[in-house]
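Visitor: Here it is: the structure, laid out below.
Residue numbers (our numbering): 2 to 336.
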């Protein structure tokens, strides 16, 4: 990998020479602009407004346009002499837990390679310190004409740096969430939870760019004079009116795609959430009354059977266990 920036990591009084290399690569297919009628390339030429002629790259430099339209020339020497310590240094300013970093701030990723044998020991020291602390380093550095924020973390045996947006560059999510108040029922959350469990996890290494593969097939077919492959149009679903039915169908489809039996969705109950709604009216009184009636009815039948059997026995043999039942039944008979 070719380095795009050479400098050093400033770690207190320790200086670690490093080389900055891109940690990611772009596999997107790029297209050229062509003239529709004859297929000729469309190119952009750079003209000087004052001389009305095309200029080469060697004749082009930077300039800042002021509010009144005045152009102020800025040379590379002007930028190289900026009085900031991060011009050629990745200056570590703090160590924080990784969860303190908002993913919205994440930008381009780079690998930091040790710049020669003398950098091996301090490089390893910083890497192991980051490992043991379970923290990431927050640093400032200058790249491509502006100062940036970065996060250093350990990836394997290397140190990676993620460019971070400045906090004021991240927009607040105002006006994004639905305006109207929406109430989600517990059953809907239970089904959504069941769908999440059914879909399970995935190894990100198994995912690939299907769109790029389809474009490559089209290019290969047209290059060989064949008709490009036809892709069936996706089915347009109707407007979802029943969210519960949609969730149940999603769980069923997910199970079928995994080769499982298409049975009814097993809904896992979520813990009961405390709400401010008033509790339902108590109906225990009615239920207890009906239960008392059934108990009294059963007690009457039991008492009748007991009295018949007692007639056949002598008065001396009075069972001690049945006496409480008689008393209980006699008390409940008016009900």
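We put the beta carbon where it would ideally sit given N, CA and C, even for glycine.
Are the region 36-45 and the region 209-225 touching, with three or more C-beta to C-beta distances below 8 Å?
Guide: Cβ pair count under 8 Å is below three, so no.
Visitor: Pairing CB atoms from the region 138-154 with CB atoms from the region 88-103, are three or more of them under 8 Å?
Guide: Yes, they touch.
Visitor: Where does residue 23 sit, in a helix, a strand or coil, going by DSSP?
Guide: Residue 23: strand per DSSP, three-state reduction.
Visitor: Tell me, please, which residues DSSP counts as bridged to residue 95.
Guide: 139, per the DSSP bridge assignment.
Visitor: What distance in whole Å lies between the Cβ atoms of residue 97 and residue 56, which are believed to be in contact at a cut-off of 8 Å?
Guide: About 48 Å separates the two Cβ atoms, so there is no contact after all.
Visitor: Please classify residue 220 as buried or exposed, where buried requires at least 16 other C-beta atoms within 10 Å of its C-beta.
Guide: Classification of residue 220: exposed, given that the 10 Å Cβ count is below 16.
Visitor: Cα-Cα, which of 135, 171 and 214 is closest to residue 155?
Guide: It is 135 whose Cα lies nearest to the Cα of residue 155.
Visitor: Going by DSSP in three states, residue 42 sits in which element: helix, strand or coil?
Guide: Here residue 42 sits in strand by DSSP.
Visitor: Rounded to whole angstroms, what's the CA-CA distance from residue 3 to residue 83? Just pull it up for me.
Guide: Each residue's Cα considered, the two are about 26 Å apart.
Visitor: Let me check one thing: in DSSP terms, what residues is residue 163 bridge-paired to?
Guide: In DSSP, residue 163 forms a bridge with 110 and 152.
Visitor: Does residue 337 come out as helix, strand or coil in the three-state DSSP assignment?
Guide: Residue numbering for the chain in the displayed model covers 2 to 336; residue 337 lies beyond these limits and cannot be assessed.
Visitor: May I ask which residues mark the beginning and end of the beta strand (DSSP E) holding residue 66?
Guide: Segment 63-66, the beta strand (DSSP E) holding residue 66.
Visitor: Since residue 123 is in the alpha helix (DSSP H), which residue starts that stretch and which ends it?
Guide: Residues 121-134.
Visitor: Secondary structure at residue 205, three-state DSSP: helix, strand or coil?
Guide: Note: residue 205 maps to helix in three-state DSSP.
Visitor: Among the candidates 173, 53 and 157, whose CA atom is the shortest distance from the CA of residue 105?
Guide: Checked all of 173, 53 and 157; the closest Cα to residue 105 is 173.
Visitor: What whole-angstrom Cβ distance do residue 123 and residue 17 have, given they're in contact under 8 Å?
Guide: The pair is a contact, with the Cβ atoms about 4 Å apart (cut-off 8 Å).
Visitor: Would DSSP call residue 6 helix, strand or coil?
Guide: Looking at residue 6 - three-state DSSP - the assignment turns out to be strand.
Visitor: On the premise that residue 111 lies in contact with residue 1, defined as a C-beta separation below 8 Å, what is that separation, rounded to the nearest angstrom?
Guide: As shown, the chain starts at 2 and ends at 336. That puts residue 1 outside it, with no answer to give.
Visitor: Relative to the C-alpha of residue 25, which candidate in 31, 164, 70 and 211 has its C-alpha closest?
Guide: Closest by alpha carbon: 164.
Visitor: Relative to the C-alpha of residue 216, which candidate in 40, 231, 206 and 147 has its C-alpha closest?
Guide: Of 40, 231, 206 and 147, the residue nearest in Cα terms is 231.
Visitor: Express the C-alpha separation of residue 194 and residue 287 in angstroms, rounding to a whole number.
Guide: For residue 287, the predicted model reports a pLDDT of 45, less than 50, meaning its position is unreliable and no value from the coordinates is stated.
Visitor: Quick one: using the 10 Å Cβ neighbour count with 16 as the cut-off for buried, is residue 212 buried or exposed?
Guide: With fewer than 16 Cβ atoms within 10 Å of its Cβ, residue 212 is classed as exposed.
Visitor: Quick check: what's the CA-CA separation for residue 39 versus residue 33?
Guide: Their Cα atoms are separated by approximately 14 Å.
Visitor: Going by beta carbon distance, what residues of the same chain come within less than 7 Å of residue 5, once the five residues before and after it are set aside?
Guide: Cβ within range, chain order: 21, 22 and 23.
Visitor: Among 131, 126 and 208, which residue has its Cα nearest to the Cα of residue 1?
Guide: Only positions 2 to 336 of the chain appear in the structure, and residue 1 is not among them; the question remains open.
Visitor: Identify whether residue 144 lies in helix, strand or coil by the three-state DSSP scheme.
Guide: The answer is strand: DSSP assigns residue 144 an E or B state.
Visitor: Using a Cβ-Cβ cut-off of 8 Å (strictly less than) and excluding sequence neighbours within five positions of residue 161, which residues of its own chain qualify?
Guide: 24, 110, 111, 112, 113, 153, 154 and 155.
Visitor: Leaving out five residues before and five after residue 252 in sequence, what residues of the same chain have Cβ atoms less than 6 Å from its Cβ?
Guide: The residues are 195, 196, 199 and 266.
Visitor: Which one or two residues does DSSP pair with residue 48 in a beta bridge?
Guide: 55.
Visitor: Across which residues does DSSP place residue 115 in a beta bridge pair?
Guide: Residue 115 is bridged to 19.
Visitor: Suppose you measure from the CA of residue 121 to the CA of residue 167; what does that come to, to the nearest Å?
Guide: Taking the straight line joining both Cα atoms gives about 31 Å.
Visitor: Along the chain, where does the beta strand (DSSP E) that runs through residue 220 open and close?
Guide: Here residue 220 belongs to no beta strand (DSSP E); instead the alpha helix (DSSP H) covers 211-224.
Visitor: Per DSSP, which one or two residues make a beta bridge with residue 71?
Guide: BP columns for residue 71 are empty, so no partner.
Visitor: For residue 182 and residue 169, I'd like the C-alpha separation in whole angstroms.
Guide: If I take the Cα positions, the gap works out to 29 Å.
Visitor: Pop quiz: residue 207 and residue 28 are said to be a contact at Cβ under 8 Å. What is the actual Cβ separation, rounded to whole angstroms?
Guide: Between residue 28 and residue 207 the Cβ distance is about 16 Å, and since that is not below 8 Å, they are no contact.
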